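Report on one structure; see the data block that follows.
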Ligand code: 4AD
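Below, the structure is given as structure tokens:
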């Protein structure tokens with residue numbers, strides 16, 4: 083068996099060694115007795131040099147290389163050399179002096195997206211256009227239509243590795259704190275969050291829904307005495323709005339746990355989990371973050387060692403003091419949330435914080451009212467850069483009251499009767515939260531659209547690829 087080297091691992095210490103790599107031909111240029119093939123693998127590129135001089139490669143081999151189509155899969159054997167120019171962190175400083183080149187599988191001659199163009203930042207595009215370079219600006223729809231090509235860019239390779247790490251930290255952290263990973267059904271009889279945003283379907287002749295969250299079944303797992311559970315899974319919302327932060331299918335990171343004294347115990351988990359997550363990304367994913375930043379510049383997220391907690395009333399007061407009038411018992415709209423994010427940043431120097439004790443009227447039926455004042459509830463939202471990534475709460479664990487709340491909010495109690503009944507068999511006080519994975523990636527990386535952080539996004543207008 084032959085020894086393969088990853089393009090991302092090519093570096094100066096390998097100088098003069100004979101290596102074998104496989105990549106995609108990103109760019110091919112031929113000039114006289116020389117040809118250059120830039121090979122890319124997992125977002126890392128290396129320039130491969132073929133020269134006819136001194137018979138290093140034959141004329142037919144040179145011509146063969148010059149005739150490669152972009153994005154074809156190509157094997158190269160050769161000697162590592164160091165030309166002494168630094169390009170950037172994803173383009174290797176070393177080159178390969180090619181001895182052999184072989185196309186393993188050809189890509190079609192003209193592609194709908196040029197990956198090299200798709201990888202450029204706005205600033206680079208402006209510069210290139212000023213220099214009279216010919217390039218096609220790749221718009222978002224084109225990127226999503228040909229997503230398989232689009233996700234080859236270094237920034238996208240970084241984004242989905244960061245997404246992977248967020249899920250990884252979520253799982254590892256919760257396992258280390260005694261949580262059990264569960265898998266709840268996505269085909270359910272009644273809607274789990276209420277409201278209109280539910281996909282309805284026919285389940286062998288019976289009406290059913292795609293789960294809008296694992297809400298009901300994660301609570302039932304607590305009734306089943308697991309104590310603390312979590313889930314990473316698909317969540318479906320029949321969103322009508324076409325916004326930068328709503329998808330029709332996203333990945334939910336869900337937590338549910340028994341509460342001994344206070345819903346603050348749930349916020350404590352959010353606090354420790356997310357500080358660990360942000361630390362892990364900053365400490366171990368610098369290369370990926372840099373790859374994202376080169377195409378989509380952003381400032382590192384500001385967060386505190388202990389996450390700031392403000393009550394909803396305090397938030398309303400801050401907005402009021404800044405001259406923003408909002409309904410003190412209504413939900414905050416996107417604009418008010420952004421504004422509050424700014425005010426919090428100015429006052430507390432953090433872009434990550436928890437807002438809790440929301441008015442009961444704006445929360446789902448299963449939310450526990452505050453014991454001291456039922457106008458408010460034992461609930462919270464969590465924000466990154468002024469946008470919501472989490473909502474959570476203590477739940478109603480008293481069955482008759484739960485049924486009453488559901489009914490009051492217009493939910494067909496019969497369709498969730500097995501859920502309500504679960505609390506009749508002995509149920510401890512409990513609470514939890516749900517995180518939108520794509521939103522965390524988007525906001526941690528300061529990106530402007532959730533479609534950038536979903537591998538194959540589903541929105542009201544898109545169900546393919
Ligand atoms: O706020 P949501 O709807 O809350 C729940 O689903 C509760 N069951 C959570 C709980 O345990 N109490 O959704 C939770 C999170 C939001 O904070 C947001 O980050 C994300 O899911 N989210 C969406 N992400 C992308 N597209 C959508 N349409 C989203 N809707 C919610």
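Residue numbers (UniProt numbering): 83 to 547.
Backbone N, C-alpha and C define an ideal beta-carbon position, used for all residues, glycine too.
Keep in mind the model is a prediction, meaning the values are calculated, not measured.
In the DSSP assignment, what residue or residues form a beta bridge with residue i?
i, result
"residue 261", "None; residue 261 has no bridge partner."
"residue 179", "131 and 161"
"residue 389", "Beta-bridge pairing links residue 389 to no other residue."
"residue 475", "461 and 514"
"residue 335", "314 and 517"
"residue 126", "123"
"residue 187", "155"
"residue 435", "390 and 465"
"residue 291", "270 and 282"
"residue 118", "111 and 131"
"residue 102", "159"
"residue 544", "541"
"residue 451", "459"
"residue 441", "458"
"residue 381", "Answer is none; residue 381 lacks a bridge partner."
My understanding is that residue i touches residue j, with C-beta atoms under 8 Å, so please give their C-beta distance in whole angstroms.
i, j, result
"residue 265", "residue 313", "6 Å"
"residue 513", "residue 477", "6 Å"
"residue 446", "residue 275", "6 Å"
"residue 327", "residue 532", "5 Å"
"residue 507", "residue 291", "Between residue 291 and residue 507 the Cβ distance is about 24 Å, and since that is not below 8 Å, they are no contact."
"residue 542", "residue 321", "6 Å"
"residue 141", "residue 121", "Going by Cβ atoms, the distance from residue 141 to residue 121 rounds to 21 Å, so no, they are not a contact pair."
"residue 474", "residue 419", "No, residue 474 and residue 419 are not in contact; Cβ-Cβ is about 16 Å, not under 8 Å."
"residue 108", "residue 186", "Not quite, the Cβ-Cβ distance comes to about 15 Å (not below 8 Å), so this is no contact."
"residue 281", "residue 318", "5 Å"
"residue 426", "residue 435", "6 Å"
"residue 255", "residue 112", "With a Cβ gap of about 52 Å, residue 255 and residue 112 do not count as contacting."
"residue 156", "residue 150", "6 Å"
"residue 465", "residue 229", "With 8 Å as the limit, residue 465 and residue 229 do not qualify as a contact, their Cβ atoms being about 29 Å apart."
"residue 384", "residue 316", "Rounded, the Cβ-Cβ distance is 31 Å, inconsistent with contact."
"residue 453", "residue 390", "Incorrect: roughly 24 Å between the Cβ atoms, too far for contact."
On the CB-based measure, 16 or more other CB atoms within 10 Å of its CB, does residue i come out buried or exposed?
i, result
"residue 239", "buried"
"residue 295", "buried"
"residue 502", "buried"
"residue 348", "buried"
"residue 182", "exposed"
"residue 129", "buried"
"residue 201", "buried"
"residue 511", "buried"
"residue 220", "buried"
"residue 381", "exposed"
"residue 489", "exposed"
"residue 344", "exposed"
"residue 455", "exposed"
"residue 334", "buried"
"residue 184", "exposed"
"residue 376", "buried"
"residue 458", "buried"
"residue 505", "buried"
In angstroms with no decimal places, state the Cα-to-Cα distance between residue i and residue j.
i, j, result
"residue 235", "residue 192", "18 Å"
"residue 411", "residue 399", "12 Å"
"residue 472", "residue 437", "10 Å"
"residue 237", "residue 515", "30 Å"
"residue 549", "residue 246", "Outside the displayed span of the chain (83 to 547) sits residue 549, for which this structure offers no information."
"residue 163", "residue 215", "30 Å"
"residue 535", "residue 139", "43 Å"
"residue 206", "residue 218", "12 Å"
"residue 423", "residue 258", "31 Å"
"residue 368", "residue 252", "19 Å"
"residue 549", "residue 413", "One cannot answer for residue 549 here, as it falls past the ends of the chain, which runs 83 to 547."
"residue 222", "residue 137", "46 Å"
"residue 123", "residue 90", "7 Å"
"residue 180", "residue 211", "33 Å"
"residue 479", "residue 450", "8 Å"
"residue 301", "residue 125", "41 Å"
"residue 379", "residue 372", "9 Å"
"residue 203", "residue 303", "46 Å"
"residue 84", "residue 176", "21 Å"
"residue 547", "residue 284", "24 Å"
"residue 231", "residue 188", "14 Å"
"residue 104", "residue 86", "8 Å"
"residue 402", "residue 433", "20 Å"
"residue 518", "residue 461", "17 Å"
"residue 497", "residue 444", "22 Å"
Would you say residue i reaches chain E, if we count a Cβ-Cβ gap shorter than 9 Å as a contact?
i, result
"residue 149", "The structure shown contains no chain E, having only a single protein chain."
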